[in-house]
Amino acid sequence: MKAKQIVMNILDDAPKPHFVLVPYMAQGHTIPMIDMAHLLAKHGAFVSFITTPENATRIEPTIDRARALNLPIQFVPLKLPCAAVGLPDGCESADKVLDKEQLKRLVDAYGMLHEPLKSYLHAQSNPPSCIISDLCQPWTGDVARELGIPRLMFNGFCAFSSLCRYITHQGKVFANVADGNKLIILPGFPHHIEVSKARSPGNFSYPGFEQFGKKILEEERRADGVVTNSFYELEPLYHEAYQKKIGKKVWSVGPMFLCYNDMSAVTARGDKPSVDEKHCLQWLDSMKPASVLYVSFGSMACTLLSQIEEIAVALEASKSPFLWVIKSDDLASDIDRFMAEGFEERIRGRGLIIQGWAPQAMILSHPSVGGFMTHCGWNSTIEGISSGIPMITWPHCAEQFLNEKLILDTLKIGVSVGAQSVAKRMMEVHEISIVKRDQIEKAVLRLMGEEMDAEERRMRARELKQKAAQAINGGSSYNNVQDLLEYVMTRKI
1 MKAKQIVMNI
11 LDDAPKPHFV
21 LVPYMAQGHT
31 IPMIDMAHLL
41 AKHGAFVSFI
51 TTPENATRIE
61 PTIDRARALN
71 LPIQFVPLKL
81 PCAAVGLPDG
91 CESADKVLDK
101 EQLKRLVDAY
111 GMLHEPLKSY
121 LHAQSNPPSC
131 IISDLCQPWT
141 GDVARELGIP
151 RLMFNGFCAF
161 SSLCRYITHQ
171 GKVFANVADG
181 NKLIILPGFP
191 HHIEVSKARS
201 PGNFSYPGFE
211 QFGKKILEEE
221 RRADGVVTNS
231 FYELEPLYHE
241 AYQKKIGKKV
251 WSVGPMFLCY
261 NDMSAVTARG
271 DKPSVDEKHC
281 LQWLDSMKPA
291 SVLYVSFGSM
301 ACTLLSQIEE
311 IAVALEASKS
321 PFLWVIKSDD
331 LASDIDRFMA
341 EGFEERIRGR
351 GLIIQGWAPQ
361 AMILSHPSVG
371 GFMTHCGWNS
381 TIEGISSGIP
391 MITWPHCAEQ
401 FLNEKLILDT
411 LKIGVSVGAQ
421 SVAKRMMEVH
431 EISIVKRDQI
441 EKAVLRLMGE
451 EMDAEERRMR
461 ARELKQKAAQ
471 AINGGSSYNN
481 VQDLLEYVMT
491 RKI
């Protein structure tokens, strides 16, 4: 009997499998787990989505939509003990803390949700079947074992960067490396690859975070499996190698955001857009097909004013239409002054600037968008791939440099802007080399041009878009979700 048939028979005769999702509470981590909740619900599961009161207000449109559609998703706001750890009231999200000390206290507060979560789950008439939690919520492993249910890890990475991360941290590859920029051949990788400590994902191995980092690695080893927001056809070699390396099942179930039936549901899952969506769409509608370069560096990117000025000059010189999202709130007045000095007037008609949050998935899916300048965070990368958009890669920190390697060397759908230095690590802005306007303009012209290599990138990107849609709609990712349901309903700890 096929897995799908087994699952349907199980669901016919028993309560729905009950998944408990525990995100790391920052927008870049929360959004894909919101997608996961909807994906699991569409496949017949019941979902408890764990959050906190302040974070619940940030995803209120998603909560309202789920209720209106009568989806089997329960959003559970557990009170975070901010005062007990010395945090100001309402400081509940990692992308809102001011420094490393606040982040450490926030991590401690998350760990104190252990008993409240257990109490909630014990009170449910449909007992939990499985916990899927972020890599950075390792305390959930103890909860799962106490309840006698599996804990699956979600780290928000693809298989490529997950494999790199696992080898470097579990194998202590960088233990005796003093020079963060020194290239090291990664042992046990499917092919030759060189990585540096500075351009690899960290593991909270900083003063004050040592025990937290150790707990993450311990619970990574003890997890019953891994769920990734990728799809098998995108990176089959790395999926197989990662699964073999960790000795556990890896369920690639992405691109998860493609599970929604309409784009309004996708845009509702982030912060409120800083631009009127109708105005944004009207502007995009006025542009030629595949002519617009979308420029955005994610929700936690740090961009210096001098770098913003270099980007502005390069975009103006390129003559390419562009939609540019700038999220540096602390530089808002400087940016306004810069725009008022004539830049905004000079690019009027071919450039749109959004200061704040933008409906990224909606923008990338628009026919007029033909390129994406990105920081290579995995959420943005998978959205770009799923939209069939070639990319200009500009990694800032963490696994973004590994994602760049995947985009450039394996998928061959990108052009590098030439960024080499790490812009931000553990709440600290590092001294970085400014990427000059000439480099930026050259990358824009290469990506958006009409040369043969540009057209080949576009063709490969279109093929990946098709494969992504097939994976989630009855293909490999769909089958992996079904397999996950079967695993959870038949698994005994």
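Residues 1 to 493 in full-length UniProt numbering are what the sequence shown spells out, letter by letter. A virtual CB, placed ideally from N, CA and C, is assigned to each residue, including glycine. It should be emphasised that the depicted structure is a prediction, and the values quoted were computed from it without experimental measurement.
Q: Rank Pro207, Arg337 and Val292 by C-alpha distance to the C-alpha of Leu352 and give the top, closest one.
A: Val292
Q) At which residue ranges does the region 87-165 contain complete beta strand (DSSP E) runs of 3 or more residues, listed in the order of the chain? A) 130-134 and 151-154
Q: Would you kindly work out how many angstroms separate the C-alpha atoms of Val417 and Glu309, rounded to a whole number?
A: 16 Å
Q: Check His375 in the structure and name its three-state DSSP category.
A: coil
Q. Which full runs of the alpha helix (DSSP H) of 4+ residues lie inside the region 437-472, going along the chain?
A. 437-448 and 452-472
Q: Could you check which residue in Gly90, Asn55, Gly44 and Asp95 has the C-alpha nearest to that of Asn70?
A: Gly44
Q: Report the rounded CA-to-CA distance for Tyr238 versus Pro190, giving the unit in angstroms.
A: 8 Å
Q: Indicate whether the contact test is met: 3 or more Cβ pairs, each with one atom in the region 266-281 and one in the region 195-204, closer than 8 Å.
A: no
Q.
If I measure Cβ to Cβ from Val7 and keep anything under 6 Å in the same chain, skipping five residues before and after, which residues do I get?
A. Interpretation of Val7 is limited by its pLDDT of 43, a score under 50 that renders its predicted location unreliable; no figure is taken from the coordinates.
Q) Straight-line CA distance for Leu320 to Lys272? A) The question names Leu, but residue 320 is Ser in the sequence shown. The straight-line gap from Cα to Cα measures roughly 28 Å.
Q) Where does the unbroken beta strand (DSSP E) through Val47 begin, and where does it stop? A) Phe46 to Thr51
Q | Cutoff 6 Å; reference Ile131; Cβ partners in own chain excluding five residues on either side | A | Val20, Thr140, Ala144 and Arg151
Q. CA-CA distance, Ala26 and Gly298?
A. 12 Å
Q) From this set, Asn229, Ala454, Glu450 and Glu210, which residue's C-alpha is nearest Ala471's C-alpha? A) Asn229
Q: Determine the burial state of Val177: buried for a count of at least 16 other Cβ atoms within 10 Å of its Cβ, exposed for fewer.
A: exposed
Q: Give the secondary structure of Val292 by DSSP, where H, G and I count as helix, E and B as strand, and everything else as coil.
A: strand
Q | Cut-off 8 Å between Cβ atoms - residues of its own chain near Val85, not counting five sequence neighbours on either side | A | Arg105, Leu106, Asp108, Ala109 and Met112
Q.
Looking at the secondary structure, which residues open and close the alpha helix (DSSP H) in which Ser333 lies?
A. Ala332 to Phe338
Q. Taking the alpha-carbon positions, what's the Ser386 to Ala454 distance?
A. 18 Å
Q) Which residue from Glu92, Val47 and Gly156 puts its Cα closest to that of Leu121? A) Val47
Q. Do you know whose CA, among Thr490, Leu408 and Val422, lies nearest Glu456's CA?
A. Leu408
Q) In terms of DSSP beta bridges, what is Gly270 paired with? A) DSSP lists no partner for Gly270.
Q.
Please state whether the Cβ-Cβ distance between Ile354 and Phe372 is less than 7 Å.
A. no
Q: Could you tell me whether the region 167-176 touches the region 54-74, where touching means 3 or more Cβ pairs closer than 8 Å?
A: no
**Q.** Per-residue burial, Pro187 [other beta carbons within 10 Å of its own, 16 or more giving buried]
**A.** exposed
**Q.** Beta-carbon proximity of Val415 to Arg446, cut-off 7 Å
**A.** yes
Q: Whole angstroms is fine: what's the gap from Ser161's alpha carbon to Gln400's?
A: 9 Å
Q | Residues near Leu281 in its chain [Cβ-Cβ closer than 8 Å; skip 5 each side] | A | Met362 and His366
Q | Segments assigned alpha helix (DSSP H), at least 4 residues, entirely inside the region 348-411 | A | 360-364, 378-386 and 400-405
Q | Own chain partners of Gly356 with C-beta closer than 6 Å, once the 5 adjacent residues on each side are dropped | A | Ser274
Q.
What does the alpha-carbon distance come out to for the pair Gly28 and Asn379?
A. 7 Å
Q. In chain order, what residues of the same chain lie with their CB nearer than 8 Å to the CB of Gln5, ignoring the 5 residues before and after it?
A. Residue confidence for Gln5 is low, a pLDDT of 41 falling below 50, so the modelled location carries little weight and cannot support an answer.
Q) Could you check where the beta strand (DSSP E) with Ser252 kicks off and where it finishes? A) Val250 to Ser252
Q. Going by beta carbon distance, what residues of the same chain come within less than 6 Å of Val226, once the five residues before and after it are set aside?
A. Met153 and Val250
Q. Between Ile10 and the rest of its own chain, which residues show a CB-CB distance below 6 Å, the 5 nearest in sequence each way excluded?
A. Only weak support is given to the placement of Ile10: the predicted model assigns it a pLDDT of 42, under 50, and the value that follows is read from those uncertain coordinates. Within the same chain, Ile10 has close Cβ partners Met489.
Q. So Pro395 packs on Ala419, CB below 8 Å; how close in whole Å?
A. 6 Å
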